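**Student:** Note that the working numbering has the sequence shown beginning at 643, numbered continuously upward. We put the beta carbon where it would ideally sit given N, CA and C, even for glycine. This one's a predicted model, so the numbers in the text were calculated from it and none came from an experiment.
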Amino acid sequence: MRPIRLAPSLVACFRRRVFGHNSPMLKDTFERIVEAVVEACREVYGERLVALALFGSVARGTMRPDSDIDLLLIVNPLPAGRLARQLEFEQIDRRVEPLLAQARRAGVHTVLSPVLKTPEELRAGSFLHLDLPDEARLLWDPAGTLRGYLDDLRARLKAMGARRVGSGAGAYWILKPDYRWGDRIEL
């Protein structure tokens, strides 16, 4: 029997139906990759891995086939400089690559997007952290370091009256509704 060749538009339609927004197969694909990332991070960083969290669309369950996998890694110590940190993280990429390749063959074109910080850098705060108290999914945090930070950040945001306006890419934060010129905002 001859193999059937389908038109590219029909293949794309099928993939959208199977791996469409919020489909169980799409979520399962991402979940397998995330589990492999946790295992790889624990192997590569060992005792240095303080905490690992998933954030963004994959954590919220609103991923698409082209969504990246946003990760926050707290590692102590970390090499100085972004490039040295990325080079070390490439070991994780290499270990997870077979699953990423399998996902690509199935129409899921994702990549790992890590944010690497030391515990001190985490405590220094960042606007990147604003959504984490509500959306981060803690994957590894045996000492509660990240959970404690997120609980504290949530309390500080509440005390300031901060609120998120809108959703998705157009969302923004009003950090201090009663802000006056010269007021100091600390995260």
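When you compare only the Cα positions, how much space is there between D776 and A801?
**Tutor:** One C-alpha to the other measures close to 16 Å.
**Student:** Taking the alpha-carbon positions, what's the K818 to R796 distance?
**Tutor:** Distance between the alpha carbons of K818 and R796 is about 14 Å.
**Student:** Please confirm if the segment 680-697 is in contact with the segment 779-788, defined as three or more CB-CB distances below 8 Å between the two stretches.
**Tutor:** The answer is yes - the segment 779-788 touches the segment 680-697, with three or more Cβ pairs under 8 Å.
**Student:** With distance defined between alpha-carbon atoms, name the residue in L792, E732, G812 and E828 nearest to A682.
**Tutor:** Ranking L792, E732, G812 and E828 by Cα distance to A682 puts E732 first.
**Student:** V679 and L754 - do their beta-carbons sit closer together than 9 Å?
**Tutor:** Taking 9 Å as the Cβ cut-off, L754 and V679 qualify as a contacting pair.
**Student:** Assign L652 to one of two classes, buried (16 or more other C-beta atoms within 10 Å of its C-beta) or exposed (fewer than that).
**Tutor:** Low confidence applies here, because L652 scores a pLDDT of 49, under 50, leaving its location unreliable; read the following figure in that light. So L652 ends up on the exposed side.
**Student:** Are the segment 697-712 and the segment 720-728 touching, with three or more C-beta to C-beta distances below 8 Å?
**Tutor:** The segment 697-712, when compared against the segment 720-728, does not touch it at the 8 Å Cβ threshold.
**Student:** Between T752, R826, N718 and P740, which has its C-alpha nearest T911's C-alpha?
**Tutor:** Because residue 911 is not part of the residues shown, which for the chain are 643 to 829, the question remains open.
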